[in-house]
Amino acid sequence: MSACQTTIDAFIGRDFKNWIGLPDGCVERDITKEYSFREGAGATLRGKTQVAYSFRVLSHPGFANGVEFYFSDDKLQFLETEFWSNDPDEYSRIVALVGEPAHRLDFHWRDWCIPSGICLWPRHGISAGLTQTGLIVCMTVFPPCTREVFEQRYYQISGSREFRRPNYD
Numbered sequence: 100m101s102a103c104q105t106t107i108d109a110f111i112g113r114d115f116k117n118w119i120g121l122p123d124g125c126v127e128r129d130i131t132k133e134y135s136f137r138e139g140a141g142a143t144l145r146g147k148t149q150v151a152y153s154f155r156v157l158s159h160p161g162f163a164n165g166v167e168f169y170f171s172d173d174k175l176q177f178l179e180t181e182f183w184s185n186d187p188d189e190y191s192r193i194v195a196l197v198g199e200p201a202h203r204l205d206f207h208w209r210d211w212c213i214p215s216g217i218c219l220w221p222r223h224g225i226s227a228g229l230t231q232t233g234l235i236v237c238m239t240v241f242p243p244c245t246r247e248v249f250e251q252r253y254y255q256i257s258g259s260r261e262f263r264r265p266n267y268d
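Here it is as C-alpha cells:
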C-alpha cells in the first residue's frame, strides 16, 4: 500500500493518531485506479489566488455526502468532507491528538460565514470547520504548509462550485 493510499484511508477512517499531513505527489491516475468514484467530476476555485481544481466524490457509508478528492496538475491537492461528525466530543479528541489549532480563520460554509470557525493546523495539514455548537461540519486535509500557503491555495472563500456532466465518449 502506498503512502498516499495509507493516508487517504486514515482520513476516511477518521484516524489522526499519527497524522502528518497529506503526502505530496499523490498521482491522480493512481488514485482513480484505487478508488471507485461517483460518476462525473466538478470544478471549483479555492484560496485567495483562486486556484482551479477538479474534484471527484468517493461514496462511503461513513460520510453522508461522500469524500471529495481535489486535483490540480494531475496530483491530489486536498481531501474534504462535510458533516465530519455529529459527536460533540470529536473536536476535543482531535485537539488531544494534534494540539490546539495554530490559527483561527473565518469559516465560509454554504450561505454562512462563521467568525473564527476554521481551526487550522497547517503543520499537520488539517483544517476543521466548526459551527457555533462546536460540531465539525467540514474537515479538510492537505500537505503540511504555512498559514499563508493554506490561505492562498485551500481556503474556501465562497460556497460555489460547478458540476460537469460525465464524459461518455
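Residues in the sequence shown are numbered from 100 upward in steps of one, following the numbering used here. C-beta atoms are modelled at their ideal positions from N, C-alpha and C, and glycine is treated no differently.
Thinking just about the alpha-carbon of each residue, which of the options is nearest to the one in residue i?
{"i": "residue 187", "options": "231, 239, 128", "result": "231"}
{"i": "residue 199", "options": "214, 207, 218", "result": "218"}
{"i": "residue 194", "options": "255, 152, 175, 226", "result": "226"}
{"i": "residue 197", "options": "250, 180, 224", "result": "224"}
{"i": "residue 138", "options": "149, 126, 154, 129", "result": "154"}
{"i": "residue 182", "options": "101, 106, 203, 233", "result": "233"}
{"i": "residue 140", "options": "171, 147, 149, 116", "result": "171"}
{"i": "residue 67", "options": "152, 114, 144", "result": "Not covered by the structure: residue 67. The range shown for the chain is 100 to 268."}
{"i": "residue 166", "options": "174, 244, 107, 147", "result": "107"}
{"i": "residue 174", "options": "247, 124, 222", "result": "124"}
What does DSSP give as the partner residues of residue i in its beta bridges?
{"i": "residue 226", "result": "219, 239"}
{"i": "residue 171", "result": "174"}
{"i": "residue 203", "result": "218"}
{"i": "residue 126", "result": "174"}
According to DSSP, simplified to helix, strand and coil, what is residue i?
{"i": "residue 253", "result": "coil"}
{"i": "residue 177", "result": "strand"}
{"i": "residue 196", "result": "helix"}
{"i": "residue 213", "result": "strand"}
{"i": "residue 268", "result": "Because residue 268 carries a pLDDT of 46, less than 50, the predicted location of this residue cannot be relied on, and the following value inherits that uncertainty. Coil."}
{"i": "residue 136", "result": "strand"}
{"i": "residue 162", "result": "strand"}
{"i": "residue 231", "result": "coil"}
Can you tell me whether residue i is buried or exposed? The criterion is at least 16 other CB atoms within 10 Å of its CB, across all chains shown.
{"i": "residue 228", "result": "buried"}
{"i": "residue 112", "result": "exposed"}
{"i": "residue 110", "result": "buried"}
{"i": "residue 105", "result": "exposed"}
{"i": "residue 103", "result": "buried"}
{"i": "residue 116", "result": "exposed"}
{"i": "residue 220", "result": "buried"}
{"i": "residue 176", "result": "buried"}
{"i": "residue 161", "result": "exposed"}
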